[in-house]
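What follows is one structure encoded as structure tokens, with my remarks underneath.
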Amino acid sequence: MTDYNTLTVPEATAIQKTLKDQVIVTPFTGDIKLIGGADISFNKFSTTVYAGIVLLTFPDLKPVGYSLVRKEVLFPYVPGFLAFREVPALLEAWEQLPVKPDVLVVDGHGIAHPRKMGIASHFGVLAQHPTIGSAKKKLYGKYEEPGLQQNEHTLLTDKFDQPIGTVLRSKKNVKPIFVSPGHLTDIPTSLRILQQSIRNYRLPEPTRLAHNAVNSFRKGLINEGYTKAD
DNA sequence: GCGACAG
DNA sequence: ATCTTGTCGC
3 MTDYNTLTVP EATAIQKTLK DQVIVTPFTG DIKLIGGADI SFNKFSTTVY AGIVLLTFPD
63 LKPVGYSLVR KEVLFPYVPG FLAFREVPAL LEAWEQLPVK PDVLVVDGHG IAHPRKMGIA
123 SHFGVLAQHP TIGSAKKKLY GKYEEPGLQQ NEHTLLTDKF DQPIGTVLRS KKNVKPIFVS
183 PGHLTDIPTS LRILQQSIRN YRLPEPTRLA HNAVNSFRKG LINEGYTKAD
């Protein structure tokens, strides 16, 4: 894999344009026995990132294991290029998993991106695995505010009015979350899977638990490597 | 030139 | 993203 740490933004843009042709947006049909959640944590002003992927049963959403990896990252955070900061570490956490989840939920967007290459799509193409992007804020696109009741949703569209994702009210009276296909999933199936991943919080269990895990890892409360859940 | 701008 | 206490609203 090419070293993302020494890339310039123009070079990163070129890579995104190449990977874009490899993204496959198609209905996810298979059964889901295991679902994964991926996230990153770091200390402000530090080049050390703490990446993690959590495995949970589906549809029970009970955690079964955590894969944690620490890595040095030099590529800066630039809106639209998040993947170049987080994907390398996430791929290491991915390779460290004893078993792969049927689908992985990544904290960030999938095709709901200026070049249709958000982190969920980027990771999916490199790992050659189904992914879904779940973000807390919009990066690109336009939409109508969904109703305030749980599960109400509207379409997120690009500049040609083509659908690129869903704006979902995951819980009553909370800010909506943005769901989009990463790789080997489509808009309807990514939304269904995401909805089945919501429990008592605004954020889906996969990325919510991944977020908790990487933060505990960063604070030294959990060890690096793969650990089975209690 | 002016806004928008995942984590 | 992270830091960080109290406070407002359902």
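Position one of the first sequence corresponds to residue 3 (the working numbering), numbered consecutively onward. Glycine included, C-beta positions come from ideal geometry on N, C-alpha and C. Computed from a predicted model, the values in this text were never measured in an experiment.
* Segment contact flag, the stretch 49-69 with the stretch 123-143, C-beta cutoff 8 Å, min 3 pairs -> no
* Asked: Among the residues of its own chain, which have a CB less than 7 Å from the CB of V169, if the five just before and after it don't count?
  -> What you label residue 169 is simply residue 167 of the first sequence in a count that begins at 1. Closer than 7 Å at the Cβ level, and outside the excluded window around V169, lie Y145, P148, H155, T156, L158, P178, F180.
* If I'm right that D41 touches V216 with Cβ under 8 Å, what's the distance once you round it to whole angstroms? => On the first sequence, residue 41 is found 39 positions in, with the first residue counted as 1. On the first sequence, residue 216 is found 214 positions in, with the first residue counted as 1. Contact flag correct, Cβ pair sits at about 5 Å.
* Kindly list the residues whose CB is nearer than 7 Å to the CB of P208, restricted to its own chain and excluding five residues on each side of it in sequence; keep chain order. => On the first sequence, position 206 is the one that residue 208 refers to. Counting only Cβ-Cβ distances below 7 Å, and skipping sequence neighbours, we find I37, G38, G39, V56, L58, V107, S199.
* Locate the beta strand (DSSP E) running through I121, then write down its first and last residues. => Here residue 121 refers to the residue found at position 119 of the first sequence. Where I121 is concerned, there is no enclosing beta strand (DSSP E), although the alpha helix (DSSP H) it sits in stretches over 121-129.
* Asked: How long is the line joining the alpha carbons of I121 and R204, rounded to whole angstroms?
  -> Residue numbering aside, residue 121 sits at position 119 when the first sequence is read from its first letter. Residue numbering aside, residue 204 sits at position 202 when the first sequence is read from its first letter. Their Cα atoms are separated by approximately 21 Å.
* Asked: Using the C-alpha atoms, what's the distance from V105 back to H213?
  -> Here residue 213 is taken as the residue at index 211 of the first sequence, counted from 1. Here residue 105 is taken as the residue at index 103 of the first sequence, counted from 1. So the alpha carbons of these two residues sit roughly 17 Å apart.
* What is the residue span of the alpha helix (DSSP H) that P90 lies within? -> Stepping through the first sequence from its first residue, residue 90 is reached at position 88. Segment 85-97, the alpha helix (DSSP H) holding P90.
* Closest residue to P103 among L76, H131, V89 (Cα-Cα distance) -> Counted from its first residue, the first sequence places residue 103 at position 101. Per the Cα distances, H131.
* Asked: Rounded to a whole number of angstroms, what is the C-alpha to C-alpha distance between P190 and P90?
  -> Reading the first sequence from its first residue, position 188 is the one you call residue 190. Reading the first sequence from its first residue, position 88 is the one you call residue 90. When rounded, the distance between both Cα atoms is 29 Å.
* To do: May I ask you to check if the CB of I195 is nearer than 7 Å to at least one heavy atom of the ligand GTP?
  => As for the ligand GTP, it is missing from this structure, which has no ligand bound.
* With 16 other Cβ atoms within 10 Å as the buried cut-off, status of L196 -> In the first sequence, counting from the first residue as 1, residue 196 sits at position 194. Per the 10 Å Cβ criterion, buried.
* To do: Rank Q152, L150, S192, Y142 by C-alpha distance to the C-alpha of A32 and give the top, closest one.
  => Reading the first sequence from its first residue, position 30 is the one you call residue 32. The sequence given here has Gly at residue 32, not Ala. Closest option to G32, Cα to Cα, is S192.
* Asked: Can you pull the DSSP bridge partners for A215?
  -> As a working note, residue 215 is residue 213 in the first sequence. Paired residue(s): none; A215 is not in a bridge.
* Asked: Less than 8 Å separating the beta-carbons of R220 and Y52?
  -> Mapped onto the first sequence, residue 220 falls at position 218. Mapped onto the first sequence, residue 52 falls at position 50. Yes, they are a contact pair.
* Asked: For Y142, which option in A129, Q152, G112 has the closest C-alpha, if you only look at C-alpha atoms?
  -> For the purposes of this step, residue 142 is taken as residue 140 along the first sequence, with counting starting at 1. Among A129, Q152, G112, the Cα nearest to that of Y142 belongs to G112.
* Do you know offhand how far F30's Cα is from L186's? -> On the first sequence, residue 30 is found 28 positions in, with the first residue counted as 1. On the first sequence, residue 186 is found 184 positions in, with the first residue counted as 1. Between F30 and L186, the C-alpha separation is close to 6 Å.
* Taking 8 Å as the cut-off, decide whether the C-beta atoms of A114 and G167 are in contact. => On the first sequence, residue 114 is found 112 positions in, with the first residue counted as 1. On the first sequence, residue 167 is found 165 positions in, with the first residue counted as 1. Yes, they are a contact pair.
* Limits of the beta strand (DSSP E) - the one that L106 falls within -> Your numbering for residue 106 matches position 104 in the first sequence. First-last of the beta strand (DSSP E) with L106: 105-109.
* Asked: Is the beta carbon of F44 sitting closer than 8 Å to the one on L92?
  -> As a first step, residue 44 must be located in the first sequence, where it is residue number 42. As a first step, residue 92 must be located in the first sequence, where it is residue number 90. No; because the gap between Cβ atoms is not below 8 Å, this pair is not in contact.
* Asked: Taking the alpha carbon of Y6 as the point to measure from, which residue in R210, L76, D232, I224 has its own alpha carbon closest?
  -> By one-based count along the first sequence, residue 6 stands at place 4. Here the closest residue by C-alpha is L76.
* **Run of the beta strand (DSSP E) containing T234, from where it starts to where it stops** => The chain is shown from 3 up to 232; residue 234 falls before or after that span and cannot be answered.
* My understanding is that F86 touches L9, with C-beta atoms under 8 Å, so please give their C-beta distance in whole angstroms. => The residue labelled residue 86 in the question sits at position 84 within the first sequence. The residue labelled residue 9 in the question sits at position 7 within the first sequence. With 8 Å as the limit, F86 and L9 qualify as a contact, their Cβ atoms being about 6 Å apart.
* Asked: Going by other Cβ atoms of all chains shown within 10 Å of its Cβ, with 16 needed for buried, is M3 buried or exposed?
  -> To locate residue 3, count along the first sequence from 1; it is residue 1. M3 is exposed by the Cβ-count criterion.
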